[in-house]
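J.: One structure, as structure tokens, below. Some questions next.
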Ligand code: UD1
Ligand code: UDP
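Numbering (our numbering), first residue to last: 286 to 640.
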């Protein structure tokens, strides 16, 4: 079986690392990796291939830093060329980025089967570019690999999976596979860490592109950092916006650093007291590493974390962020509950594709 994996953004490298590791166990599967180039800084791309031993991409399309239409359009064109040349049996796409929709659309137009990993997630906020990418990818995929029951239900509510040509498979979360596999390899970052700290990340377009929300988030983080240091590995998108704005981020306890590799991130996750983030992946990793989470968004796709008290949604309001922090830093929860499978999602995915 010939399979083409299409990836391009940081969280996709992490998800694909788990699945590629499983693929490598099967001599009868040939995996070809196409990196769209969407993320390109060394610490947003190369470091993950190196640390997680992901096979070097066979193609790098080097498409990035464009508007949504231009980026997606150029990716479709280039991915199509690769697909025409390689003629795979399956195209494997991950999550909800522009690389995801470009990969699935290019494949389906050529009648190539598409498998979508992390299918069925919904925020029900159609202003999010990710929501459009995931709805459309789910609509045209042949196999939909869902991490949770909620994801399966979301697809069924949309009538997906009704015909015999489409299969919905609940397989658990591949990010859990990665967290389990790489946990013991955690690496202390190359700087002195405070004894106690909050780990934070901010990159979601709805926060970075709305000056009111961004200012409010940074005001809250600055105030909270007077209580407890905050380590903020900053996404280049946010870094660019901040450096072009009047926003002041000077506070010795608000420690802004460049993005770190996955192994450093695991170390930070293991050693922090709380996560404050607008990342999708980090909300789950907070749970995997048994840390409370405050989500700086108005909704989440990972509703089971909120329903079980592991995560609190606070939006971008300064006071709500501060009270969310005060509540969740005290939180003592019982993490003995299985929400994302048992770390065998990748195995299930490959078994299903081999059928
Ligand atoms: C993308 C995904 C988002 C995902 C995030 C993961 C889409 C629509 N969005 O958002 O769902 O949560 O990745 O991190 O696909 N940049 C750099 N260096 C890099 C990468 C990006 O400077 O290595 C800059 C780009 O030049 C651009 C900005 O960051 O100006 C945004 O990059 P882009 O890939 O468009 O979207 P993300 O915000 O990274
Ligand atoms: N991550 C990382 N280094 C960082 C910030 C995040 O390795 O400096 C990892 C994080 O642990 C998680 C993934 O990147 O595994 C999440 O990606 P991101 O937040 O960029 O995207 P999202 O999950 O929101 O789509």
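No residue lacks a Cβ here, since even glycine has one placed at the ideal position from N, Cα and C.
At a cut-off of 7 angstroms, would you count residue 299 as near the ligand UDP, judging by its Cβ distance to the nearest heavy atom?
T.: At least one heavy atom of the ligand UDP is nearer than 7 angstroms to the Cβ of residue 299, so yes.
J.: Going by the beta-carbon positions, is the gap between residue 301 and residue 290 smaller than 8 angstroms?
T.: A contact, by the Cβ cut-off of 8 angstroms.
J.: Below 7 angstroms, is the gap between the Cβ of residue 349 and the nearest heavy atom of the ligand UD1?
T.: It does: the Cβ of residue 349 is within 7 angstroms (strictly closer) of some heavy atom of the ligand UD1.
J.: Residue 541 and residue 534 look like a contact to me (Cβ under 8 angstroms); what is the Cβ gap, rounded to whole Å?
T.: Yes, residue 541 and residue 534 are in contact; Cβ-Cβ is about 6 angstroms, under 8 angstroms.
J.: The beta strand (DSSP E) that contains residue 329, what's its start and end?
T.: Element bounds for residue 329: n/a, residue is neither H nor E.
J.: Any heavy atom of the ligand UD1 within a distance shorter than 7 angstroms of the CB on residue 335?
T.: Not under cutoff, so the answer is no.
J.: Identify every residue that forms a DSSP beta bridge with residue 453.
T.: Answer is 429, bridged to residue 453.
J.: Give the straight-line distance between the Cα atoms of residue 456 and residue 360, rounded to the nearest whole angstrom.
T.: Looking at the two C-alpha atoms, the distance is approximately 28 angstroms.
J.: Suppose you measure from the CA of residue 342 to the CA of residue 500; what does that come to, to the nearest Å?
T.: One C-alpha to the other measures close to 38 angstroms.
J.: Mind checking whether residue 423 and residue 440 have CB atoms under 8 angstroms apart?
T.: Yes, Cβ-Cβ distance for residue 423 and residue 440 is below 8 angstroms.
J.: Would you please state the rounded distance, in angstroms, between the beta carbons of residue 427 and residue 399? I believe it to be under 8 angstroms.
T.: With a Cβ gap of about 6 angstroms, residue 427 and residue 399 count as contacting.
J.: Of all the options 614, 321, 624, which has the alpha carbon lying nearest to the alpha carbon of residue 589?
T.: Of the candidates 614, 321, 624, the one whose C-alpha sits nearest the C-alpha of residue 589 is 624.
J.: Could you give the distance in angstroms between the alpha-carbon of residue 473 and the alpha-carbon of residue 451?
T.: Their backbone Cα atoms lie some 44 angstroms apart in a straight line.
J.: Going by DSSP, name the residue or residues bridged to residue 344.
T.: DSSP, once it has assigned bridges, lists 319 as partnering residue 344.
J.: With respect to the beta strand (DSSP E) encompassing residue 561, which residues constitute its N-terminal and C-terminal limits?
T.: Segment 559-562, the beta strand (DSSP E) holding residue 561.
J.: Where DSSP assigns a beta bridge to residue 667, which residues make up the other side?
T.: There is simply no residue 667 to check, as the chain begins at 286 and stops at 640 in what is shown.
J.: Do you know whose CA, among 311, 609, 334, lies nearest residue 547's CA?
T.: Comparing Cα-Cα distances from residue 547 to each of 311, 609, 334, the minimum goes to 334.
J.: Less than 6 angstroms between C-beta atoms, sequence neighbours within five positions excluded: which residues of the same chain meet that for residue 252?
T.: Residue 252 falls outside the range modelled here, since the chain spans only 286 to 640, and no answer is possible.
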